[in-house]
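Residue numbers (our numbering): 9 to 323.
Every residue gets a Cβ at the ideal spot worked out from N, C-alpha and C, and that includes glycine.
Values in this document were obtained by computation on a predicted structure and should not be read as measured data.
Reviewing the structure listed below.
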Amino acid sequence: MADQYQYVKVFAPASVANVSCGFDVMGFAVDHPGDIIVARRTEEPGIQITKVSGENGVLPTSVNKNTAGVAARALLKQLDIDAGIALEIHKKMPLGSGLGSSAASSVGAVVAVNQLLGSPFAANELLTFAAEGERVACGTPHLDNVAPSLFGGFVFIRSSEPQDVIELDCPKPLFATVVHPQIEIRTEDTRKILRRDISLQKAVTQWGNVGGLVAGLLKGDYELISRSMQDVIIEPIRSVLIPGFDEVKKAALDAGALGSGISGSGPSIFALSRDKETATAIGEAMQHAFEEIGLDNEVYISPINKEGPRILEEA
Ligand code: HSE
9 MADQYQYVKV
19 FAPASVANVS
29 CGFDVMGFAV
39 DHPGDIIVAR
49 RTEEPGIQIT
59 KVSGENGVLP
69 TSVNKNTAGV
79 AARALLKQLD
89 IDAGIALEIH
99 KKMPLGSGLG
109 SSAASSVGAV
119 VAVNQLLGSP
129 FAANELLTFA
139 AEGERVACGT
149 PHLDNVAPSL
159 FGGFVFIRSS
169 EPQDVIELDC
179 PKPLFATVVH
189 PQIEIRTEDT
199 RKILRRDISL
209 QKAVTQWGNV
219 GGLVAGLLKG
229 DYELISRSMQ
239 DVIIEPIRSV
249 LIPGFDEVKK
259 AALDAGALGS
269 GISGSGPSIF
279 ALSRDKETAT
289 AIGEAMQHAF
299 EEIGLDNEVY
309 ISPINKEGPR
319 ILEEA
């Protein structure tokens, strides 16, 4: 077994789930923002959450209710040892933003605890534990935020239960622009409003686009990526919850985006582009469109994060 530690500090990245057409089956990680999780040994057996910062006191410190706590406890349970571990969660991104905030905390927690304990699990084995955190956060253990946050890059989820996750190569360069308007939307609520049945015609369009997006990423074909980033099923329903959605998306496309859509369950809106210059221009255009309707917002520009979580300190 690898070295064990008394203290580990981990950065886990935010992620953009769905990527327009791939509801619950596609996601990618960004370089920033992300959460920082600290794990340290304690005398008292089990998991405790000793500190949560950066989220205005909203997150529970009860292990059973906190995504990071649930994920870390699932890992410890599998090992069947009575180690004592205290977690600190430093939120570096807004909650309910569509940036995979709960997933980043779950991933940071399992990576930090695994490292603390001498890496008993391989990265792909950590996915199951991180998914338990997601189940607590929004009612389903969907993997399209936890998997990209854990593995980095673009990820395709062929199946969540049983887990069948494929890491996808993507063209270089590829940049993401994500704009977060200052409103909060709960994933759980936006899942409830979705239709349970869809027409065959829409299904055919959607799976054509999902296949096209995967092929476009693997072939490094920007035009195919662009053509495929269309969502005829989820976006028409959820976008009404985001003030200015149509204008902001149009601003992104007019500024040169390959495609644009709701980041996860929103309210953030993302766009993909070929280079940093375009990604920056897109960010300015999207920001301006939100400002036109009086909505404060924050812009994040980042290459696709191929690395996933990073160990920042260990001792
Ligand atoms: N696929 C999930 C959803 C992602 O759209 O509900 C939530 O961030």
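Distance between residue j and residue i (C-alpha atoms, nearest Å)
| i | j | result |
| --- | --- | --- |
| L124 | G62 | 24 Å |
| V46 | S157 | 17 Å |
| R166 | D229 | 22 Å |
| Q14 | K99 | 22 Å |
| F129 | F36 | 23 Å |
| L232 | V38 | 21 Å |
| V118 | F31 | 25 Å |
| G216 | K17 | 42 Å |
| E292 | E175 | 31 Å |
| E321 | A131 | 18 Å |
| K337 | S127 | With the chain covering 9 to 323 only, the question about residue 337 has no answer from this structure. |
| C146 | S114 | 13 Å |
| V256 | D262 | 10 Å |
| D152 | G224 | 19 Å |
| S234 | R204 | 28 Å |
| E169 | V154 | 14 Å |
Sub-9 Å separation of residue i and residue j beta-carbons
| i | j | result |
| --- | --- | --- |
| V78 | T69 | no |
| L226 | V173 | no |
| E306 | P102 | yes |
| G106 | I245 | no |
| F137 | L83 | yes |
| S276 | P189 | yes |
| D43 | G116 | yes |
| A111 | T148 | no |
| G264 | A289 | yes |
| S365 | S28 | Given that the chain is displayed from residue 9 to residue 323, the structure contains no residue 365 and the question cannot be resolved. |
| E96 | R143 | no |
| A120 | G272 | no |
| G54 | D90 | yes |
| P21 | P317 | yes |
Cβ shell of residue i (< 6 Å), same chain only, five flanking positions each side left out
| i | result |
| --- | --- |
| I241 | I206, K210 and Q214 |
| T50 | G92 and A94 |
| A287 | F183, T185, S281 and I309 |
| R194 | G104 |
Chain-order list of residues whose beta-carbon lies under 8 Å from that of residue i (same chain, five-residue window excluded)
| i | result |
| --- | --- |
| K284 | P181, F183, I309 and P311 |
| V218 | C29, G30, V33, M34 and S236 |
Closer than 9 Å to chain D by CB, residue i
| i | result |
| --- | --- |
| I55 | In the structure shown, chain D does not exist; there is a single protein chain. |
Cβ separation of residue i and residue j, assumed to be a contact under 8 Å, to the nearest whole Å
| i | j | result |
| --- | --- | --- |
| G274 | L303 | At roughly 13 Å, the Cβ-Cβ gap does not stay under 8 Å, so G274 and L303 are not in contact. |
| M294 | V187 | 4 Å |
| I301 | P251 | 6 Å |
| V212 | F164 | Not a contact, Cβ separation roughly 19 Å. |
Close-in-space but distant-in-sequence residues of the same chain around residue i (CB under 7 Å, 5 per side omitted)
| i | result |
| --- | --- |
| F278 | V24, A184, T185, V186, S268, G269 and S271 |
| D11 | G126 |
inquiry  = Residues around the ligand HSE, please: the condition is that the C-beta lies closer than 7 Å to some non-hydrogen atom of it.
reply    = My final list is A25, N26, F31, D32, G106, G108, C146, H150, D152, N153, T195, T198, R199, I242, G272 and S273.
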